[in-house]
Amino acid sequence: MNQNRIFQLSESGQHERIRMLADAVSVDADRRQSWVTVTRAGNFTDPRYGAFAITRQMLSEMISNFTSNVYGQDIAIDVDHKPGNGAAGYVRQLQLDGSKLRALVEWTEYGIEAITKKGFKYLSAEFCENFTDNEFQKQHGPVLLAAGLTVRPVIKGLDVVQCSESDSGQYPTLISEQLIKQLHEEDTMKWQQLIAALMAFCEPLKLSEGVLNSFKKLAEDSLAGIEEEAKAKLIIENIKSSAKTLAEAHPNATNVTMQLSSPAGVTAEDVVRILSEQRTAEDNQRKQLSEKLESKQKVLSDTVNAAQGIEDDAKASLITELSELVTVDMSDDQIKKLAEREIDHKNKEIAHRKLSEMGITLNSPSGRVHLQDVPTNEAARLQNIQHQQLRNTSAFYNGQIRLSEDKALPGFVRDVLNLFDAQHSQQIGMAVRTLSEGTTNVSDSNLPIGFQREVIREALSDLNVLSLVSTYTDASATATTQIPYEQRHTGGIANDGIVYERSPIPKVKVSQKMDLAYINAMKLAIDVSNEVLHFTRTAGINWDAWGRNVASAARLVKELLCRRIANELQRCADAFMAMSVTDEGITKEGNVYKTDHFPIVRQRQVFDLQGNAVGQPENPIVVKDGSTELKPWDGSGKQPSGLYYHVVNYNLGYVSLVDQDGSIEDPTGAVKISYSYSTNIVKVDADIPANVAKEKHLNGLIQAISAQKAMMASGRYVTPDFALMSPTLNDTATNAEQFAMSAKRDGVSTSAQGNLEKIKGIEAWGTNAPGIDLGDERILLGQRGIASYTVAKPWSMSEPVEARDENGNLTGAKESYGEEYNAIHVPKPLYDRFTSVLYFSFTNR
């Protein structure tokens, strides 16, 4: 046995390592954390190592291996790939953002100093395509090993991907195309401005095109390799002097040979003076143009503000829109004509909107159009009469109906009621006369219009989830409606928006767009007792029965809307950056099958009013029994006999196989499933470790919410302002130590806006309807107003028919159904405005 072997137990090189110079790094010294891009998916080549690819699947496996601690230690960030000098930071979290692998890094003082004071501004990630541990010799697939801060690489060309100068040449070191472009732009941007200024100077000299091109090429060649700005400016001033001399001595020259030399008598002080004079002249010119433009825009604002019949908000919006069209070259008359044309258009638009709100649609009518005023005072009288009676009912005393004052109703509820009143004005007038005079039209067996109106009022006034969405009414909508939304484009902003003197200013584009949403009919059948329909005399109305039926119908409408909105919000959050899986084999555990990945993204299929599918499904779910594709179980009990699949829990990836009645059934073959799973999520283990207090363990849940909030703010430029969860999960979260009075922190308190206790400054809202996908495991974070709820036709009831039992016997009641035409929609470009946290037991899953 050799007694002289020495084992050095430090990290050794592995030939399969790859380094990727991926992105510039910035850090806020106060926060000590920042999100950085580690690497991205793509196809790469290297002359030493050949071709290879980084796929989204590889990046996903890196995240999985990071979560499982496959590497066996914290992933450290060093400086200049010299780990012996200490750690600049540690990777605390990994996530996918499109095709990019992003890391949340907690920086040390050493790292902050290297970035902010020593110019180590780029991140070079180091990873292994198929990592093998040195204990069991097991292969784990792609693993992130480390990353290093580095200074600007030496780039000798502009290939799509190329090697940077490596510290040892041992590993392939690659540079992303985005960073190459950024570095090249940093080199050339300032000099392009100087060359442009030179050509502007030469233009009035009347030199030929060939001479001008020669001067331009001379400037480009002379500035190549120059780094000092002062020296570059001196070179340009030298060329300007040469151009002026040539123009004066040889005005007709068409071809010249030039050599650049230091101009006699031109010093650095002269350059400073010349540039200062030039800036002063330019500043004076800009000032004059600005004053002239302000004068033109005043003509515009005065014209718009003098218009009649337009609200102040509409005037301000019109002025803002038209100001972009006004130029200094326009005459005052031209500006006035532009304003008057748009004012006329705006007046027509307002008139059309008001007619639509009244239920009147003008589509090239023939003959005479008769307009009848909507008797809104009649609707108020009807409501008054009903509320006087309903306030004496048990439904009101027990809190089943609210009967809120009009001034306490949200504006959207009032809009929907106004639309309902406009569409049923004649029936409302008849109902008022009936209740006031004590007479009735016995032949009119329709459900009272006041009952239908009260169902709308009660359902929408107590629907908290409406506070999280944009709400619209669109009386002109038939099959589709247009949803407005705002999209921000923040790409291409270098240096955190800092712009140096005379450098180009980057643009942040904000565009207003419209997205198409399909109208669907939400229908619900209701069994109504004859007491509700008893209109023979006012005193004979059973208002208690009336109130109970209003409460019951309103609750059903409210629960349906709440469920649809909450499930749509969760689906959009899960669909962002979702990963797809094809034909995954799953086995039964108890009564359910568990997918390898979770949460499952709910499938979305758009249908028109006739039930026809529009386009292909998003995030489709396909379950097969052998080679037979199963249909989803709909719970109606009316599906043909057979085997169906049912997603029992989207959060945890539970699927069951059932018959048409929902009873568990066994398949005939192997079960496979194709689905998409969410990566836009953080998972928190609900299992409490031994010797750890529950309150302390729950701090991890609060920290996960905080981390997702920070990720959205720094990575997506979005600040979440709501957290949607079940009251049970909110109660669990508020048992965290941070909520204890002795350890309570800012941003953790009871909210006057949300209806639960807010967490990390985010208003918390509860789900008050059964069957919502969020369950008791999910906390959904997002921005309010991104989803939209549009009502095209408010809730109304059909004519009642006699109710019969299963044997066809009359039951002394009426059956009626209510329907509302609406659209619930989130534009796909805004899916990134949501994220979520999943809190569940890792061991029991």
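Okay, so the sequence shown: first residue is 9 according to the working numbering, each after it adds one. Heads up, the beta-carbon is just placed ideally off N, CA and C, and yes, glycines get one too.
Asked                                                                                                        : Found
F615 classed as buried or exposed, judged by whether at least 16 other C-beta atoms fall within 10 angstroms : exposed
Opposing strand residues paired with N313 [DSSP bridges]                                                     : Note: N313 sits in no beta bridge, so no partner.
Backbone secondary structure at E217 - three-state DSSP                                                      : helix
Residues that DSSP places opposite N528 in a beta bridge                                                     : N830
Inter-stretch contact at 8 Å, needing at least 3 Cβ pairs: the segment 799-813 / the segment 821-839         : yes
Per-residue burial, S222 [other beta carbons within 10 Å of its own, 16 or more giving buried]               : buried
Residue nearest to W867 in terms of C-alpha spacing, selected from P837, L474, D229 and E245                 : With the chain represented from 9 up to 853, any question about residue 867 goes unanswered, as that position is not in the structure.
Y653 versus A583: straight-line alpha-carbon distance, rounded                                               : 21 Å
Cβ-Cβ distance between I71 and Q103 below 8 Å                                                                : yes
Three-state secondary structure assigned by DSSP to F606                                                     : coil
Cβ pair A831, N400 closer than 8 Å                                                                           : no
E637 versus S402: straight-line alpha-carbon distance, rounded                                               : 52 Å
Exposed unless 16 or more other CB atoms sit within 10 angstroms - verdict on E785                           : buried
Residues that DSSP places opposite S664 in a beta bridge                                                     : H654
DSSP-derived helix/strand/coil call for F420                                                                 : helix
Cβ contact (3+ pairs, closer than 8 Å) linking the segment 699-707 and the segment 626-643                   : no
Identity of the residues DSSP links to V799 by a beta bridge                                                 : T481 and N830
The segment 599-612 / the segment 666-685 touching (three or more Cβ pairs under 8 Å)                        : yes
Three-way DSSP call (helix, strand, coil) for T447 in this model                                             : Here the model assigns T447 a pLDDT of 45, short of 50, so the residue's position is not dependable and the matter cannot be decided.
Beta-carbon proximity list for D695, same chain, < 7 Å, skipping 5 on both sides                             : S849, F850 and T851
The segment 833-850 contacting the segment 788-799, beta-carbon criterion three pairs below 8 Å              : yes
Continuous alpha helix (DSSP H) stretch holding V558: start and end                                          : W551 to A583
Anticipated Cβ contact below 8 Å, G634 with T595, distance rounded                                           : Contact doesn't hold; Cβ gap of about 14 Å is too wide.
Presumed contact (8 Å Cβ cut-off) between L152 and Q41, rounded CB distance                                  : The pair is not a contact, with the Cβ atoms about 18 Å apart (cut-off 8 Å).
Touching by the beta-carbon criterion (3+ pairs, under 8 Å), the segment 732-743 and the segment 429-441     : no
Contact between the segment 562-573 and the segment 776-783 (3+ Cβ pairs under 8 Å)                          : yes
First and last residue of the uninterrupted alpha helix (DSSP H) at R461                                     : I457 to S469
Extent of the continuous beta strand (DSSP E) run through Y847                                               : F842 to F848
L213 vs A154 beta-carbon contact at 8 Å                                                                      : no
Anticipated Cβ contact below 8 Å, M860 with G106, distance rounded                                           : Outside the displayed range of the chain (9 to 853) lies residue 860, so it cannot be described from this structure.
D341 - DSSP class collapsed to helix/strand/coil                                                             : helix
Cβ pair V312, A347 closer than 8 Å                                                                           : yes
For G623, the first and last residue of its enclosing beta strand (DSSP E)                                   : A621 to E626
Spatial distance of K323 from S331 (CA atoms)                                                                : 12 Å
Check whether V477 and G80 have beta carbons under 8 Å apart                                                 : no
Burial state of T45 (16 or more Cβ within 10 Å)                                                              : buried
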